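Trainee:
Numbering (the numbering used here), first residue to last: 966 to 1673.
In structure tokens form, the structure reads like this:
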């Protein structure tokens, strides 16, 4: 079935530990927001089913409550006291941090005055002066003078504000050493309090270790947890719609292994276990491969995420497209892509919990296929990037231009993600594209919003990392998957130790069976005894492993463009031999010049075989020998994801340049229209120039065809 990381657990205890854990915790349930469904009226048969499910739940709760281990009151009291000490230490560290935050804010204001306000005014002055110099009419001169006066006043105001801000920063920094020492002392106190808290928790965990380590009650615990999460009423609403659905519920409630796997992966979205079981059944009917290994995990991930339908984003002109993603087709899409070798090599080892954040995108399946083909054609180096933290998603920094000025040019016949890479956007659109391209290749990814900005979190073999935003623990972050940063990292890291993590799951399910409230990450004082104990179990796992927290990637590029030089730089350069550069001449006189024979651009390995070049601004040059003088038609096989200016071709340093139109290919390979030029017999030097600021251009080869 699934890996042990996805297996079940069960736990219990009548004691309720009031108050909750203000430390790292990792919500076990995949509770993602969705619009509430309209209430369903139960038929008579539905009412009978609800009563039957409720009776089963009640019986299980009663049976489980009798065997839950009791906890030594002394250990319980020690843990509560330790938690209070942590709470106080956290308040102390927040107070110590405040003046340092004020200093950082003052420094940020100085930076804004210099780099935004004053620099912007200087840029405006330069533009106004240039306009004044170029003006040819009185009206143009008057407008330029008015604009110049505006920017000069703006510059004065900025310089005045800078003086004031700098003075405030200097005053704040006078006591900075004292504040730094106070912050260090508060951190030491918090570290000590946290260690004492974890020790007290481990003492308590040791007392219930036999219960948490045993799978004897798993069948009852997981069934109770499913009935509790789904609720008897919601299960009855699903089951009353026909005998087939009713039998699906009965089959699920009798299948301990499947219930374990579902719960361990976070449960059905919004508790829709009946709907999840229906999708799971349909997937297994559609594919014989969906019964074990990665494909069974993929099937489980799909059914759990799509238990609440995922709205599908389609082009504006696709008026007949489905409003929601078809979960069976979504599963089949990724199954086929994996079998075809199109996904990341790590896909085969992903857990159900991880795969949920691959299959849950709003894009149609054909867009997932387009995303893979586009990137493999246009920027294969992003696909092969050895830096896992940037693999695939670095395409945002090289090709999704920051700024909203071109969003107006979005085409209604294109999908949103095709328009984003074509026309750019600010933080939201860029993060959306980053997550999209990661899903295309089977990499789990999640939204990571923060104050005034949108970023993304993504999986790597060494842990989850932030792209295009501030790192883990940033005070302005709004969490991931409805968890705080600390809790999300705790969840991901603890899951790497399946056997130990299973104990945390049992503790959580015991709390469910006893009707205790769940721990809610964004509400530190939430949760009952067992759900909090589950969090301490995870903390213990992570404390033993001591994982390294990965630094964010591209923080400085969240709201900025990469330089033109870096955008055009290959992440993975290809080795080129003399044989790779060989020009081919066909029997009809057609000459093919491979990309490897060209200079002035980055040479990359090509997924279609051979090589290709990638060019930003600048020139591309190559030498070609022709058998006879005459006219030739030059074409290039290109891939583009944005509108591109024409290529200007010069042959043998001629003064006259030939224009070659560059089509917008939406990332697919396409021939340019032919451009006619005259060549001399023997060697000819060809040079293609591109204006400054040109967007990316991938070229596979050039073709010269004799014009009769």
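All C-beta atoms, glycine included, are put in the ideal place defined by N, C-alpha and C. Only a predicted model underlies this, so the values are computations on that prediction, with no experimental measurement involved.
#1: If residue 1315 sits next to residue 1426, beta carbons under 8 Å apart, how far is it from one beta carbon to the other, in whole angstroms?
#2: Could you confirm whether any beta carbon from chain C is found closer than 7 Å to the beta carbon of residue 1262?
#3: Count the other CB atoms within 10 Å of the CB of residue 1323; is the residue buried (16 or more) or exposed (fewer)?
#4: Quick check on the DSSP output: the alpha helix (DSSP H) that includes residue 1598 runs from which residue to which?
#5: Provide the residue(s) that pair with residue 1550 in DSSP beta bridges, ordered along the chain.
#6: According to DSSP, residue 1510 sits in a beta bridge with which residue or residues?
#7: Assign residue 1540 to one of two classes, buried (16 or more other C-beta atoms within 10 Å of its C-beta) or exposed (fewer than that).
#8: Taking the DSSP output, what are the residues bridged to residue 1649?
#9: What ranges does the alpha helix (DSSP H) occupy inside the region 1064-1139, keeping only unbroken runs of at least 4 residues that lie completely in it?
#10: Look at the alpha carbon of residue 1574 and the alpha carbon of residue 1545, and state the distance between them as a whole number of angstroms.
#11: Which residue's Cα is closest to the Cα of residue 1554: 1595, 1571, 1534, 1585?
#12: Starting from residue 1030, follow the beta strand (DSSP E) in both directions and report where the run begins and ends.
#13: Since residue 1230 and residue 1318 should fall inside the 8 Å C-beta cutoff, what is the C-beta to C-beta distance between them, to a whole number of angstroms?
#14: How would you write the range of the alpha helix (DSSP H) that residue 1397 sits in, first residue to last?
#15: Mind the definition here: the region 1019-1030 touches the region 1185-1193 only if three or more C-beta pairs lie below 8 Å; say whether that holds.
#16: From which residue to which residue does the alpha helix (DSSP H) around residue 1212 run?
#17: Tell me the DSSP secondary structure of residue 1676 in three-state form.
#18: Output the boundary residues of the beta strand (DSSP E) element that contains residue 1418.
#19: What is the DSSP secondary structure of residue 1378, counted as helix, strand or coil?
#20: Within 10 angstroms of its Cβ, does residue 1593 collect 16 or more other Cβ (buried), or is it exposed?
#21: Assuming residue 1134 and residue 1075 make a contact with CB atoms under 8 Å, what is their CB distance in whole Å?
#22: Kindly provide the ranges of any alpha helix (DSSP H) runs that are 4 or more residues long and lie completely inside the region 1433-1487, ordered along the chain.
#23: Going by other Cβ atoms of all chains shown within 10 Å of its Cβ, with 16 needed for buried, is residue 961 buried or exposed?
#24: In terms of residue numbering, what span does the alpha helix (DSSP H) encompassing residue 1175 cover?
#25: For residue 1537, collect the residues of the same chain with a Cβ closer than 6 Å to its Cβ; drop the 5 residues on either side in sequence, then sort them by chain order.
#26: Pairing CB atoms from the region 1430-1438 with CB atoms from the region 1467-1479, are three or more of them under 8 Å?
#27: How far does the beta strand (DSSP E) with residue 1666 in it extend, from its first residue to its last?
#28: On the DSSP bridge list, what partners appear for residue 1274?
#29: Give the DSSP-derived three-state secondary structure of residue 1356 in the structure shown.
#30: Using only the alpha-carbon positions, how far apart do residue 1053 and residue 1197 sit?
#31: Would you check if the region 1160-1180 and the region 1012-1020 touch, i.e. whether three or more CB-CB distances between them fall below 8 Å?
#32: Rank 1331, 1030, 1006 by C-alpha distance to the C-alpha of residue 1479 and give the top, closest one.
#33: If you draw a straight line from the C-alpha of residue 992 to the C-alpha of residue 1007, how long is it?
#34: Which of helix, strand or coil does DSSP assign to residue 993?
#35: Just mark residue 1142 as buried or exposed, buried being the case when its beta carbon has 16 or more other beta carbons within 10 Å.
#36: Does the Cβ of residue 1235 have 16 or more other Cβ atoms within 10 Å, making it buried, or fewer, making it exposed?
Mentor: Concretely, from the data shown:
#1: That pair is no contact at about 11 Å.
#2: The structure shown contains no chain C, having only a single protein chain.
#3: buried
#4: Element bounds for residue 1598: not the alpha helix (DSSP H) but the beta strand (DSSP E), 1595-1604.
#5: 1556
#6: None; residue 1510 has no bridge partner.
#7: exposed
#8: 1589
#9: 1084-1099, 1103-1138
#10: 11 Å
#11: 1595
#12: Where residue 1030 is concerned, there is no enclosing beta strand (DSSP E), although the alpha helix (DSSP H) it sits in stretches over 1009-1032.
#13: 5 Å
#14: 1392-1405
#15: yes
#16: 1208-1218
#17: Given a span of 966 to 1673 for the chain in the structure shown, any question on residue 1676 remains unanswerable.
#18: 1418-1423
#19: coil
#20: exposed
#21: 5 Å
#22: 1450-1459, 1463-1478
#23: Nothing can be reported for residue 961, as the shown portion of the chain is limited to 966 through 1673.
#24: 1174-1178
#25: 1346, 1349
#26: no
#27: 1662-1671
#28: DSSP lists no partner for residue 1274.
#29: coil
#30: 42 Å
#31: no
#32: 1030
#33: In this prediction, residue 992 scores a pLDDT of 35, lower than 50, which makes its location untrustworthy; no coordinate-derived value is stated.
#34: Summary for residue 993: the model assigns pLDDT 34, below 50, so the residue's position carries little reliability, and this model does not support an answer.
#35: exposed
#36: buried
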